[in-house]
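Here is the structure we will look at, set down as C-alpha cells.
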Amino acid sequence: MHDTPEIADRHDAVCVVGAGASGLATIKNLREQGFSVDCYERETSVGGAWNWRHDRSPVYAGTHLISSRPLTEFPDFPMPDDWPDYPDHTRVLTYLERYAEHFALRMSIWFGTEVVSVTPVGDGRWDVTTRSTGGGAERVQRYAAVVVANGHNWSPKPLSVDASAFRGRIMHAAAYKDPAQLRGRKVLVIGGGNTGCDIAVEAAQQATTVWHSTRRGYWYAPKYVFGRPADQVNAKLLQLRLPLRVRQWLYHRTVRLTIGDVTRYGLPAPDHRPYESHPVVNSQLVYYVGHGRITPVPDVARLEGSTVEFADGRRVEPDLVVTATGYLPRFEFLAPELLDVDEEGKPDLHLHAFARRHPTLAVVGLVQADGGLFPLAHWQSVAVARWLRLRDTDPERAALVQQKESTRPLRSWTRLHVVPSSRHWFEVGFTNYLRALGDLLDRMEATS
Amino acid sequence: MSSRLLRFEDWTSPVPPVRREVFSALPHPDEGEPPLLFVPGLGHGGWAFREHWLGHAASRGFAAYALTPRERGSLRAYVHDVVQVAAGLPRQTVLVGHGTGALVVAHALARYPARAAVLAAPVLHGWPALGAALRVNPLGTLPALVGGALTLSRKQLFGADAPEAHVERLTRTPSAVARSLFTAPEPADPVGSPPVLVVGSPDDRVVTRKALDRTAARYGGAPLLFPGMGHDLMLDPAWRDPIDAILDWLVKELAG
C-alpha cells in the first residue's frame, strides 16, 4: 500500500525547509561547508515572502524595505550600489533570484514540494516526509540534519477581539495587495507595526476616511535623519558603543526635534522607552495625521453589526477593516517539543536558532532586529553549517563548544527589556546579536 | 574577531557608487563556465587585459571581464567595485588580480565567495614592493613618498621588447591612492575557501621572488613561475604562457 513508503537514506545530506531568503542563504552556506543539501519549497519559485506570486506572501504593491540597503543585503553578495536606499519588493525579489542564480542554488531545491513531517530517529538523524504541494504520494527520506527556514511572516495572528458579529468587510493585512482595494472606502486599519502604519498611509492617499487603531503609542522613526537613512545613523551610535540610556536619550531628542510632540497630533504618547519595541520606521504617518487624513483611535473593544467600538467608547462605521496584527511562527511539520514550543506558540531556541535538545535541528531567520534580516540569516546559517561540520570532524570540540554556549547569558544576545507582546518574541539588537554569533563562530574555529 | 560580522564602516558610510568601466569578451557558445574578472593594478586600466588575455580566455570558453579602477579610489573603494562587478555577473566568479590588483582581489576574497582566485605578480606587501620600486625606478617612486604622484617606468614593468604604446598608456597614481594600497592591512581569510593560484616571474622587477613565495605560502602553495617575463605578464610578448597555465589550472580545479 502507498501509505508505508520506503525510507531513502540521504546519508550526510542536510534537509532545508523553505527557499526564501533564509533558506537560500542556508543552502549556500551549507554547501560551502561541503554538505549535500535537499531544500523543499512548497511554491514553484524562490523568494518566499518576497515573492508576491506566492500564496503566503504578505507583500503588497507598495512594500519597501524598512531597513536601508547596506544593513539589509547579504554580507557576501551586495545589492547593486546604484539601487536606492530603500529598494521595493520587486527589487528585493530580483536580488534573491540573482543570488539563487549566481550560486546555482536551484539545483538543490525541490520545488512544489511540501514538508509534511520531520521526526527524529534517535541517532541525531531525521526522517523527513514530503509530498507534492498538489497532493499525491508521500515520500520519506532520512537526513543527517534539518534546518528550518519556513519564515515567520505568513500565519496571521488572529484579532484579539471577536469579529464574528461584524457585518462589514474585514481582512488581514496579508490579503491586502493593492491600493485599489482601499479606494473610495472608509477604512479602519488596526495595528501599529510597520505594516499597519504603511497601510494607513496608503489608505490616507486612497480612501475617503481612515482610522488607525493602535493599542499603545509608538516611537515613529523617520526613514531619514540628518540626511542619512535612519538605521545608518543608528548604526553609528552602535559603533560608538554608546550605552542604551544615552542612545535612548539621543533618540528621544532627535524625535523631539524633528517630529516633535506626537500627542499634539492626537497620537497617544508611547508607554515605553525608545528601543523597547520593534522600531516603526515611517516618515509619512505623522504627516497624514497632521493633514487630517488619518484619525488615530485607540484599541478596538468590540466589532458588531456595522459598528466598531473603541476602548474610549468612540464608535465608527468603516466599510473595510484591515487587521495588521502581525504573524505568528508556525511549524506544523514539527512536534512542538522538538523546538521547546510553549503553550503560547513561542519556540525556545539557543540564539533563536539552535534547538536546545536536538543538536542537528536548527531554525534560520526567526529573528527581528533594528536592521535587516538577511545579514542575520546569513551568519546564522554560517554558524549552523560550521556547527554541523564540527560535530562531524571533531565531536569532542563540538561538545566543548556546546557546553560553553550553554552558559552564554540570555541578555547578551536577545532583547529582554521590550514591551511584552508576541511581536517581540524574537526581537534582538542587530549588532549585539551579530557579536554573539561572531563569538560562537570564533569558538568553533579556534584551533585547540 | 567580529569585524567580519560588524561592518560599521559599510553600514554608516557606504562607498559612493560610480560608473565603472568594464571590458568584456564573451565565448560563443557559452557552456556555463564561471566568468573571469580581471583586476589591474596601479597605473593600469582594464585595457591591459583587453590587449590579449580577455580574448584568449573567451576563445577557451570563459566569459572574461576586466575592470578599470575608479579614479581617486582607495583600497576600500577598489574592493567594493570588484565585489560589485563580481556579484553582478550571472555566476560565481573567478577573480584574477595583477600587481596591486592582486592585493585588491585578496581583500575582495574576504567579502565575496569567489569560485577561484588567481594572484598574478601580486603586490601584497607594501614595504618590499616599495624597496624594489625605489631601486629600479627612484625618480618615479620618490615623489610619491612626499605627496606627489607615483609614476611607473618601462624598466619596472616590461621585459626587453615591450611595445611603446603600452608604456604611454600607463597613468600616474596620486600619492594618497598609492599609500592606501601600500599600507593595507593583511587581508582576512577568504570566504568560501576558494582555490587560489599565485603566478609570477623570477625576473619581475616589482615583485621579488621572496615576496612571491611568501604570498603563495599564505595561500598554501608554491608560485607558478614564468622565467624571463617582466612584471606585466599580460602585456609581455610571451603573454600566452601564463594565461594558458592559469586556464589549465582552472579547468583542473573546476573538474575536481
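Chains as they are written, first to last, in our numbering: chain V, 21 to 468; chain S, 9 to 264.
Where a beta carbon is used, it is the ideal one built from N, C-alpha and C, also for glycine.
In this structure the segment 214–231 of chain S does not lie against the segment 22–35 of chain S, because fewer than three pairs of beta carbons, one per stretch, are closer than 8 Å. DSSP, read as helix, strand or coil, puts V:M191 in strand. Note on V:P440: under 16 other CB atoms within 10 angstroms of its CB, so exposed under the neighbour-count rule. Taken through DSSP and simplified to helix, strand or coil, V:Q53 comes out as coil.
Separation of V:A373 and V:S88 (C-alpha to C-alpha, rounded to the nearest whole angstrom) is 24 Å.
Using a Cβ-Cβ cut-off of 8 Å, S:V91 counts as an interface residue toward chain V, since at least one Cβ of chain V sits closer than that to its own.
Looking at the DSSP output, S:P231 bridges to nothing. For S:W61, the uninterrupted alpha helix (DSSP H) run begins and ends at 61–67, by DSSP. Restricting attention to V:S65, V:T413, V:D390, V:K206, the CA atom closest to the CA of V:G188 is found in V:K206. Close to chain V, meaning a Cβ-Cβ distance shorter than 8 Å, are the following residues of the segment 96–125 of chain S: G96, L97, P98, R99, Q100, R119, Y120, P121. Non-local beta-carbon contacts of S:D169 in its own chain, meaning distances under 8 Å to residues more than five positions away in sequence, involve P245 in chain order. Counted as a single uninterrupted DSSP element, the beta strand (DSSP E) harbouring V:W130 occupies residues 129–131.
At a cut-off of 8 Å between beta-carbon atoms, S:G200 makes contact with chain V. Your pair S:L205 and S:I254 checks out as a contact, with CB atoms roughly 7 Å apart and the cut at 8 Å. For V:E324, the uninterrupted beta strand (DSSP E) segment begins and ends at 320–324.
In the displayed model, S:T179 falls within coil according to three-state DSSP, outside both helix and strand. The C-beta distance from S:G208 to S:L189 rounds to 18 Å, too long to meet the 8 Å contact threshold. Residue-level contact by beta carbon holds for V:W399 and chain S, with a gap shorter than 8 Å. Remark: C-beta atoms of S:R99 and S:A74 do not approach each other more closely than 8 Å. As DSSP reads the structure, V:F446 sits in no beta bridge. Residue-level contact check: S:D18 touches chain V, since one or more beta carbons of chain V fall below 8 Å from its beta carbon.
Within its own chain, the residues whose Cβ lies closer than 7 Å to the Cβ of S:L258, once the five positions on either side in sequence are excluded, are V102, A124, listed in chain order. In the DSSP assignment, V:T274 falls within the alpha helix (DSSP H) that extends over 264–278. When 9 Å is used as the limit between beta carbons, V:D32 is near no residue of chain S, the shortest such separation being about 18 Å.
Residue pairing by DSSP leaves V:K243 without any beta bridge partner.
Per DSSP, reduced to three states, the secondary structure at V:F394 is helical. For the pair of segments examined, the segment 447–465 of chain V was found not to touch the segment 223–233 of chain V: the number of CB pairs separated by less than 8 Å stays below three. As the crow flies, the alpha-carbon of V:Y163 is around 11 Å from that of V:C59. Our two residues, S:L111 and S:V47, have alpha carbons roughly 10 Å apart in a direct line. At least one CB of chain S lies nearer than 8 Å to the CB of V:E52. Chain V has no Cβ within less than 8 Å of the Cβ of S:P231.
Note that the C-beta distance between V:L436 and V:Q400 is not below 8 Å. Between V:A321 and V:V209, the gap from beta carbon to beta carbon reaches 8 Å or more. Rounded to the nearest whole angstrom, the C-alpha separation of S:A137 and S:V131 is 7 Å. Listed along chain V are D101, D102, each with a C-beta nearer than 7 Å to that of S:P25. Taking 8 Å as the threshold, the shortest C-beta distance from S:P22 to chain V falls below it.
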